[in-house]
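For reference, the structure is listed below as structure tokens.
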Amino acid sequence: MGQPSTTNAEWSYADTNWGANYSQCNGNRQSPIHIQSHNTYILPTRPLRFKNYDKPLLGPIKLTNTGYTADISIPPAFDGSRPSITGGILKGNYEAIGVHFHWGDPFGPGSEHIIDGRQFDVEMHIVHKKSTFATVEEATQYPYGLAVLGVMFKGVENPDRYYPGLNKLFNNLIDVVEPQTSTFLDGTISMGQLLGDLYTKNFFTYKGSLTTPGCSEAVLWHVFPDPLPIAQEHIYKFWDLLDSTGAPLLNNYRPVQGVNGRKIYYRVGFKTL
Numbered sequence: 011m012g013q014p015s016t017t018n019a020e021w022s023y024a025d026t027n028w029g030a031n032y033s034q035c036n037g038n039r040q041s042p043i044h045i046q047s048h049n050t051y052i053l054p055t056r057p058l059r060f061k062n063y064d065k066p067l068l069g070p071i072k073l074t075n076t077g078y079t080a081d082i083s084i085p086p087a088f089d090g091s092r093p094s095i096t097g098g099i100l101k102g103n104y105e106a107i108g109v110h111f112h113w114g115d116p117f118g119p120g121s122e123h124i125i126d127g128r129q130f131d132v133e134m135h136i137v138h139k140k141s142t143f144a145t146v147e148e149a150t151q152y153p154y155g156l157a158v159l160g161v162m163f164k165g166v167e168n169p170d171r172y173y174p175g176l177n178k179l180f181n182n183l184i185d186v187v188e189p190q191t192s193t194f195l196d197g198t199i200s201m202g203q204l205l206g207d208l209y210t211k212n213f214f215t216y217k218g219s220l221t222t223p224g225c226s227e228a229v230l231w232h233v234f235p236d237p238l239p240i241a242q243e244h245i246y247k248f249w250d251l252l253d254s255t256g257a258p259l260l261n262n263y264r265p266v267q268g269v270n271g272r273k274i275y276y277r278v279g280f281k282t283l
């Protein structure tokens, strides 16, 4: 995750040794990480609460190929309210500001977080800013300024589940193949539709950073371990995008960083049949 970036300088996924130009990228609370469940602590806390996630967003919703990722800026809902999250370890309200994705290539997966040795095909990041901060730039100056949801996807040939909101987004990727191009999603969409039928009561949480320069250590991460199955053809659409040099936009993920003694917590819910 890194679309709220604090720098305009050029950087590349071809060389992720960013610390020389962006000092925070050498910090001790960097993301992503390899989450090993046997090294986590069970967290007896509230589930996340999703506020206004069911409300249609005020359109049109703009999808952009930034040259680094496929990105959506989140507007308020039709009634002016902001989709937001509370609960878990969060103190206060965090409003959704953006969604973007990380992926691999035809030869390998591309999620940023690895869970028990498994890297997933695609990872979606839903970025939230603490509501008390006026701007993203201000929020990145504090270790609790941002909260990000990390949602994993796995490509399958014949998915038995249909996600209208996600499919609408994926189907529009063909309109943003070129870098710095944008399109608008047809119709309405809500933030909740982007979660599909994700079981949100189970998640790993830890204190980390943006995963692109400037790597600000301002993120309370919430990583969901259960991937959503999506059609393999949607994965192909990510692979067709081009980066800012006109080359295929592939493997846009940062390698995992050291845990460095941080505690990783696991919030466990109980599914009902």
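Numbering (my numbering), first residue to last: 11 to 283. Quick reminder that beta carbons are idealized off the backbone N, C-alpha and C, glycines included.
Q: Please state whether DSSP places A257 in a helix, a strand or coil.
A: coil
Q) By Cβ distance below 7 Å, which residues in the same chain neighbour K247 in space, the five residues on each side in sequence not counted? A) F180, L183 and I184
Q: Would you identify the three-state DSSP class for G155, choosing helix, strand or coil?
A: coil
Q. Tell me, which residues are paired with N31 by DSSP?
A. BP columns for N31 are empty, so no partner.
Q: On a CA-only basis, which of G155, G97 and N262 is nearest D115? Give me that one, please.
A: N262
Q. Terminal residues of the continuous beta strand (DSSP E) containing P138?
A. Looking at the sequence itself, residue 138 is His, so the reference to Pro does not match. Note, H138: beta strand (DSSP E), V132 to K140.
Q) Does DSSP classify G175 as helix, strand or coil? A) helix
Q. What residues are listed by DSSP as bridge partners for L58?
A. Answer is G97.
Q) Is the beta carbon of G77 less than 8 Å from the beta carbon of P189? A) yes
Q: Note down the Cα distance separating T50 from G29, rounded to an integer number of angstroms.
A: 28 Å
Q. DSSP state of A106, grouped into three classes?
A. Residue state, collapsed to three classes: strand.
Q) What residue ranges within the segment 214-282 form continuous beta strand (DSSP E) runs of no fewer than 3 residues, ordered along the chain? A) 229-233, 238-241 and 275-277
Q. So A80 is in the beta strand (DSSP E); what residue range does that whole segment cover?
A. Its beta strand (DSSP E) spans residues A80 to S83.
Q) Got a sec, what are the start and stop residues for the beta strand (DSSP E) L195 sits in? A) T191 to L195
Q | Nearest-angstrom beta carbon gap, T79 and H110 [assumed within contact, 8 Å] | A | Sure, about 4 Å apart at Cβ, within 8 Å.
Q | Boundaries (first-last residue) of the beta strand (DSSP E) holding L73 | A | That run of the beta strand (DSSP E) goes I71 to N75.
Q) Between L100 and L230, is the Cβ-Cβ spacing less than 8 Å? A) Yes, these two residues count as a Cβ contact at 8 Å.
Q. For P223, which of V187, L67, E147 and G165 has the nearest alpha-carbon?
A. With distances taken between Cα atoms, P223 lies closest to E147.
Q: Express the C-alpha separation of L220 and A87 in angstroms, rounding to a whole number.
A: In this model, A87 and L220 are separated by some 26 Å (Cα to Cα).
Q. Excluding five sequence neighbours on each side, which residues of the same chain lie with their C-beta closer than 7 Å to the C-beta of P119?
A. Q129, F130 and D131
Q: Closer than 6 Å by C-beta to I245: which residues in its own chain qualify, once you throw out the five before and the five after it? Chain order, please.
A: D131 and G165
Q) Just curious, the alpha helix (DSSP H) that N147 is in, first and last residue? A) Going by the sequence as given, residue 147 is Glu instead of Asn. Run containing E147: V146 to A149, per the alpha helix (DSSP H) assignment.
Q. L58 to I136, Cα distance in whole Å?
A. 14 Å
Q: Classify Y209 as buried or exposed, calling it buried when 16 or more other Cβ atoms lie within 10 Å of its own Cβ.
A: exposed
Q | Backbone secondary structure at L183 - three-state DSSP | A | helix
Q. Counting only beta-carbon atoms, is G118 nearer than 8 Å to chain C?
A. The structure shown contains no chain C; it is built from a single protein chain.
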